[in-house]
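Below is one structure, written out as structure tokens, with a few remarks after it.
Residue numbers (my numbering): 97 to 244.
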């Protein structure tokens, strides 16, 4: 069970992970020592992977988002996903239920970059079929997990 202090600390970090322990303690109305211990515990348990800037892909020229559904040969899912996940343009790889075996989400600078990536994926020995969807408009894209 997640206690109230953990929820408060995590949600403060979600808003601004650059705050000092003192500032987090003030916002959560607890001691600096308690905040330090809690954050170190969460890091040690793998609840907090790290602290990264939340970058705007469009600012860096990655205007094209693709969602690629994959059908992969039986027994070769993990092996194939691990290969695809090494591509720096791939932001997420998921196992899914339904007609497809996996979904890949990638950010690309242009159609040519996407086309190159899809051809590399199709050349993998266990990829049987792909269907690619291009995102037209991002309504919401959240990287943070709000804990309640």
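From the three backbone atoms N, C-alpha and C, an ideal C-beta is built for every residue, glycine too.
Using 8 Å for Cβ pairs, my map puts residue 117 next to residue 98. What's the rounded Cβ distance?
Position 21 of the chain shown, counted from the start, is the residue given in the question as residue 117. Position 2 of the chain shown, counted from the start, is the residue given in the question as residue 98. For residue 117 against residue 98, the beta-carbon gap comes to about 20 Å, at or over 8 Å, which does not count as contact.
Where does residue 156 sit, in a helix, a strand or coil, going by DSSP?
Taking the chain shown and counting its residues from 1, one reaches residue 156 at position 60. Three-state DSSP puts residue 156 in a helix.
Straight-line Cα distance separating residue 102 from residue 221:
Counted from its first residue, the chain shown places residue 221 at position 125. Counted from its first residue, the chain shown places residue 102 at position 6. The straight-line gap from Cα to Cα measures roughly 45 Å.
Beta-carbon proximity of residue 134 to residue 105, cut-off 8 Å
Counting from one through the chain shown, the residue named residue 134 turns up at place 38. Counting from one through the chain shown, the residue named residue 105 turns up at place 9. Contact flag set, yes.
Give the secondary structure of residue 162 by DSSP, where H, G and I count as helix, E and B as strand, and everything else as coil.
Taking the first residue of the chain shown as position 1, residue 162 is located at position 66. Reduced to three states, the DSSP call for residue 162 is strand.
Excluding the 5 residues preceding and the 5 following residue 167 in the sequence, name in chain order all residues of the same chain whose CB lies nearer than 7 Å to its CB.
Against the chain shown, residue 167 aligns to sequence position 71. Taken in chain order, the residues that qualify are 196, 197, 224 and 225.
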